[in-house]
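In mature numbering (1 follows the signal peptide of the UniProt record, and there is no 0), the protein residues as written are -24 to -1, 1 to 92. Have a look at the structure below before the remarks.
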Amino acid sequence: MRLPRSLAPVTVALTLVLSLPYDALPHTRVSDGKQPPPSRFGASCRTSVRGSHVETYCHNPYVDIDRVRLHIECARWWDIDTDGAPVDVGPAMTVRLTGRCWKEIRSVWISHQKAR
């Protein structure tokens, strides 16, 4: 049996879509109107800058391990910006992160990542 030319592309497309796994197909989520619960993740960090030195304490009150990193941007163009090594903060743990520039510090921030 030979299909007319106009039905052949439709048949091929339908066959391809039906052969996809269920997870690959687009789905519409039906909401019950409730907001999702807030995410309970992330250490709270306190940072202090004294001259060209930075000191940060991060405390994790949650169950999931938070991998934190200290990032320092120096004010002078010739001073090297630093990204500290990642440190895992376990449940109910506090860690201390330190760093410095040769001269002034422009900005400091902490990045968070869920440790698997």
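The beta carbon of each residue, even a glycine, is placed where N, CA and C say it ideally should be. If you're wondering where the values come from, they're calculated on a predicted model, not measured in any experiment.
Exercise for review: Look at the alpha carbon of residue 29 and the alpha carbon of residue 8, and state the distance between them as a whole number of angstroms.
Suggested key: Approximately 50 Å between the Cα atoms of the pair.
**Study point:** Beta-carbon contacts of residue 43 that lie in its chain and below 8 Å, excluding the five residues immediately before and after
**Key:** Closer than 8 Å at Cβ, skipping near neighbours: 62, 63, 64, 65, 88, 89, 90, 91.
**Study point:** Supposed close pair residue 31, residue 74 - CB separation, criterion 8 Å
**Key:** Confirmed, Cβ separation roughly 5 Å.
Check your understanding: When you compare only the Cα positions, how much space is there between residue 16 and residue -16?
Key -> If you take the alpha carbons of residue 16 and residue -16, they lie about 49 Å apart.
Practice item. Would you decide whether residue 19 is buried or exposed? Buried here means 16 or more other CB atoms lie within 10 Å of its CB. Key: Residue 19 is classed as buried because its beta carbon has at least 16 other beta carbons within 10 Å across all chains shown.
Practice item. Please name the residue in 50, 69, 68 whose C-alpha comes closest to that of residue 82. Key: With distances taken between CA atoms, residue 82 lies nearest to 50 out of 50, 69, 68.
**Study point:** CB of residue 67 within 8 Å of CB of residue 25, strictly
**Key:** Against a cut-off of 8 Å, the Cβ pair of residue 25 and residue 67 comes out as no contact.
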